[in-house]
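Counting along the sequence shown from 1, when you hit position 31 you're at 35 in my numbering, and nothing is skipped either side. Virtual Cβ for every residue (Gly too), placed ideally from N, Cα, C.
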Amino acid sequence: MDERTVYEAVKHGVTDALAEHKGRPRLMRVDAFDAEDEDGKPVRVIGVIDADDMMKFVVIEEDEDGAIFPVPCSTVYRKGAAGQ
Numbered sequence: 005m006d007e008r009t010v011y012e013a014v015k016h017g018v019t020d021a022l023a024e025h026k027g028r029p030r031l032m033r034v035d036a037f038d039a040e041d042e043d044g045k046p047v048r049v050i051g052v053i054d055a056d057d058m059m060k061f062v063v064i065e066e067d068e069d070g071a072i073f074p075v076p077c078s079t080v081y082r083k084g085a086a087g088q
């Protein structure tokens, strides 16, 4: 392989790898804080994502079995302020 062939192969590999990551939302970690969702349910906010040109909070939810997982949430309220 000559230098030009190697260059083109690496360039296409890097370009393809970067294209795979473009659609993923970017996460900005914040100091965690307690808040409420629009139904008044307590949530723990751990970050903010930029998904589809819309900022969303990342909150931790817990299911009936005790499993926890991150969920994007468009609106959160200060504790006690939801539904006012």
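So residue i is in the beta strand (DSSP E); what residue range does that whole segment cover?
i, result
"K60", "58 to 66"
"R33", "30 to 40"
"V75", "72 to 77"
Please classify residue i as buried or exposed, where buried requires at least 16 other C-beta atoms within 10 Å of its C-beta.
i, result
"V80", "buried"
"A71", "exposed"
"A39", "buried"
"V63", "buried"
How many whole angstroms separate the CB atoms of residue i and residue j, which I take to be in contact at a CB cut-off of 8 Å?
i, j, result
"P46", "K60", "No, P46 and K60 are not in contact; Cβ-Cβ is about 18 Å, not under 8 Å."
Name the DSSP bridge partner or partners of residue i?
i, result
"I53", "L31, K60"
"V47", "A39"
"Y81", "E40"
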